[in-house]
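The sequence shown begins at 4 in this note's numbering and counts up one residue at a time. Don't be surprised by glycine CBs; every beta carbon is placed ideally from N, CA and C. As the structure is a prediction and not an experimental result, all values here were calculated from the model. What follows is a single structure, written as structure tokens, with notes after it.
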Amino acid sequence: MREPYDDRTGHARGMTRRQVLGIGGALGLMAATGLSASAALSRRPPITGAELRSAVPLPPAFQVPLPLPSVLAPVSTEGGVDRYEITQRESTAEILPGVRTPLWTYEGTFPGPTIESRRGRPITVTHRNDLPVPTVVHLHGGRTPAASDGYPTDLVLPEGWPDAAHLRRTGEGGHGPEHGMHGMRDPRAVLTELTRDYTFPLDQRPALLWYHDHRMDFTAPAIWRGLAGLQIVRDDAEDSLGLPAGRRELPLMIADRAFAADGSLDYPALDPTLRERPGVRGSYLAGVLGDVILVNGAPWPVHEVDAARYRLRLLNASNARHYEFEAVSDDGRRLDLVQIGADQGLLAAPVTHRRLPIAPAERYDVIIDFSHLPVGSRVRVVNRLGSGRTRDVMAFRVVRKAADDSRIPRTLSNELPAWRRSDAVRVRDFSFRAGRMRGGHGWLIGGLPFDPTRSDVTVSLGDVEVWRLIADVHHPVHLHLVGFQVLSRGGRPPLPHDAGLKDTISLRPGESAEIITRFDGYRGRYLFHCHNAEHEDMGMMANLEII
Ligand code: C2O
Ligand code: CU
Ligand code: CU
């Protein structure tokens, strides 16, 4: 059984009136009249999107152990370059106890295997596409040459895909005017058949990155089905800080999903084969939310810990769900979340939070200290923006006393850029708003839906620019290639969690923000876009050409 859906109103049944107004209402209003920023601001719904209801019984929280994704071993390490191979293929996993769930995976698992890298040590990853549709891989947060950045039309075609025959005639690799996505042809697209080598120089600050599918129009359902994995970049300076490490460093990929009666992942795709027609059913245009919270692919897991400090490397890999985390012990104590890093690596100095908001694609590097808790205590990570089951995320159980020689140095990094407003050679404005596209609803940047053949922003390599972003509803805005700093939010100084170098900024309803960056690294064709994955698929993406 699919989730209840009322064709008459176009809204999922069981939604509250407030949800309906917040989603269909806001979309309709903004499309028709252009909702003013102040109107959105005064309403400020906590989340943007509509929730699917699972049709299978859900397990109780904090029973399933937290899985840790396996670390991928290189197939060779010749000439200072580590080579990896990843096969993208269908697989089945037991995510909910006793339920078999078909997935699209990297190497058979969700999350995919983690790649552990060193700063400045290049790697090549050969991806093989054994899935039934074209794919393309993007390393999110990577400082990557354009040819390996996973531009949404640089597709790896599966064997037997209609365009593959054309490629065979023209030899290895090829440029694909034949491949028209919905009438849109991209003469610059580089198509390959079956495999592609992605090269990552990793000449960048240590950080938690993630790799995921980025196919034009179909990114959201592909990630939903399982195409996401972690990559960690480290260096000697970070290793020498004395931060919690080894089994006291936990990568945590948080993602919501919903399950259909047959155990498959439910998703309101218009075309469930994900071959032809992009998009989601009407009530989910603002974003797809699930009612099950997965951490590293397990529902509401629990992890046994020492009474010691732990380093949590948080990634929100959800399509549209925002969280606000709080760590609460069963006796009601609220634990500090000491932030040491942002999307693009370590902060200059730690920032202590009681609550930490995290938007899709954002990462936070956080230290949590269990040392003062008695053995046997439990700490729950709760999501203050959730309701019912989505208020729970995961739990830690303190199971033993232990020595702890980890530290949180007062200075974490002294290599953060010091860009000033006066360094900027240009200021640009971008609105992120609902609008019309292909005769239906869309999500637009500066009034336009994504077109791979249009040039949107051209910047010169090395230039510093200030970008002013304004949103109607929640839009987590992401830039490829570069990290940026938040200069202001809503005309005021940035919030405590805006610290450090970011690659994704969470804009809240009606909010504006200014970011500053230097377009550094490589020339070529990149992107910026909303990382609400449904918005991204429905047009909210633009070209960033670096010359
Ligand atoms: Cu994770 Cu273009 O994004
Ligand atoms: Cu990215
Ligand atoms: Cu958006």
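If we count the other Cβ atoms within 10 Å of its Cβ and call it buried at 16 or more, is residue i buried or exposed?
i	result
Pro499	exposed
Lys505	buried
Asn417	exposed
His375	exposed
Thr95	exposed
Val480	buried
Asp309	buried
Asp133	exposed
Val140	buried
Leu547	buried
Leu464	exposed
Val78	exposed
Ser390	exposed
Asn535	buried
Ala406	exposed
Thr276	exposed
Val428	exposed
Pro60	exposed
Pro114	buried
Asp10	Because Asp10 carries a pLDDT of 30, less than 50, the predicted location of this residue cannot be relied on, and the following value inherits that uncertainty. Exposed, since its Cβ has fewer than 16 Cβ neighbours within 10 Å.
Gly249	exposed
Val74	exposed
Pro585	With the chain running from 4 to 550 in the structure shown, residue 585 is simply not present.
Trp470	buried
Thr80	exposed
Glu3	In the structure as shown, the chain starts at 4 and stops at 550, and residue 3 therefore has no counterpart that could be examined.
Using 7 Å as the cut-off, classify the Cβ of residue i as near or not near the heavy atoms of ligand 3, replying yes or no.
i	result
Phe531	no
Asn535	yes
Phe435	yes
Met219	no
His356	no
Trp446	yes
Met543	yes
His478	yes
His538	yes
Quickly, what does DSSP pair residue i with across the bridge? List them, please.
i	result
Phe399	His306, Val382
Arg299	Before going further, note that residue 299 is Asn rather than Arg in the sequence given. Asn299 pairs with nothing; no bridge assigned.
Thr127	Arg86, Thr202
Trp470	Arg431, Ile518
His325	DSSP, once it has assigned bridges, lists no residue as partnering His325.
Tyr287	The partner list for Tyr287 (beta bridge, DSSP) is empty, contrary to what the question assumes.
Leu211	Ile235
Asp216	Val140
Tyr1	One cannot answer for residue 1 here, as it falls past the ends of the chain, which runs 4 to 550.
Met256	Leu318
Pro154	Correcting the residue type first, residue 154 is Tyr in the shown sequence and not Pro. Answer by DSSP bridge pairing: none, since Tyr154 is not bridged.
Asn535	In the DSSP output, where bridge partners are listed per residue, Asn535 has none listed.
Ile549	Val462, Gly527
Leu340	His356
Phe262	Leu268
Thr195	Val159
Ile508	Val480
Glu119	Ile235
Does the distance between the C-beta of residue i and the nearest non-hydrogen atom of ligand 1 fall short of 7 Å?
i	result
Ala323	no
His483	yes
His141	yes
His215	yes
Ala364	yes
Confirm the yes/no value for this check: CB of residue i, any heavy atom of ligand 2, distance under 7 Å.
i	result
His130	no
For the stretch 255 to 265 and the stretch 290 to 300, state whether three or more C-beta atom pairs, one from each stretch, are separated by less than 8 Å. Counting Cβ pairs under 8 Å, three or more are found: they touch.
contact_flag[the stretch 120 to 130, the stretch 192 to 204] where n(CB pairs < 8 Å) is 3 or more: Yes, the stretch 120 to 130 touches the stretch 192 to 204.
Quick check on the DSSP output: what are the complete beta strand (DSSP E) runs of length 3 or more inside the stretch 446 to 491, in order along the chain? Scanning the stretch 446 to 491 from its first residue to its last, the whole beta strand (DSSP E) runs of 3-plus residues come out as 460 to 462, 467 to 474, 478 to 482.
Counting Cβ pairs, one atom from each stretch, are 3 or more of them under 8 Å apart for the stretch 408 to 428 and the stretch 240 to 249? Touching, yes, given that three or more Cβ pairs across the two stretches are closer than 8 Å.
Okay, do the stretch 221 to 232 and the stretch 262 to 280 touch, 3+ Cβ pairs below 8 Å being the bar? Contact between the stretch 221 to 232 and the stretch 262 to 280 is present, because at least three Cβ pairs lie under 8 Å.
Quick one: any contact between the stretch 330 to 337 and the stretch 468 to 482, if contact means 3 or more CB pairs under 8 Å? The stretch 330 to 337 makes no contact with the stretch 468 to 482, as fewer than three CB pairs between them are under 8 Å.
Check whether the stretch 311 to 319 touches the stretch 361 to 379, counting contact only when three or more Cβ pairs, one atom from each stretch, lie closer than 8 Å. At 8 Å Cβ cutoff, the stretches touch.
Should the stretch 64 to 77 be regarded as contacting the stretch 296 to 304, the criterion being three or more beta carbon pairs within less than 8 Å? Result yes; three or more Cβ-Cβ pairs closer than 8 Å.
On the three-pair Cβ rule with 8 Å, is the stretch 506 to 518 touching the stretch 482 to 494? Note that the stretch 506 to 518 touches the stretch 482 to 494; at least 3 beta-carbon pairs, one per stretch, sit closer than 8 Å.
Using 8 Å as the cut-off, can you tell me whether the stretch 392 to 406 makes contact with the stretch 352 to 363, which would need three or more C-beta pairs spanning the two stretches below that distance? The stretch 392 to 406 makes no contact with the stretch 352 to 363, as fewer than three CB pairs between them are under 8 Å.
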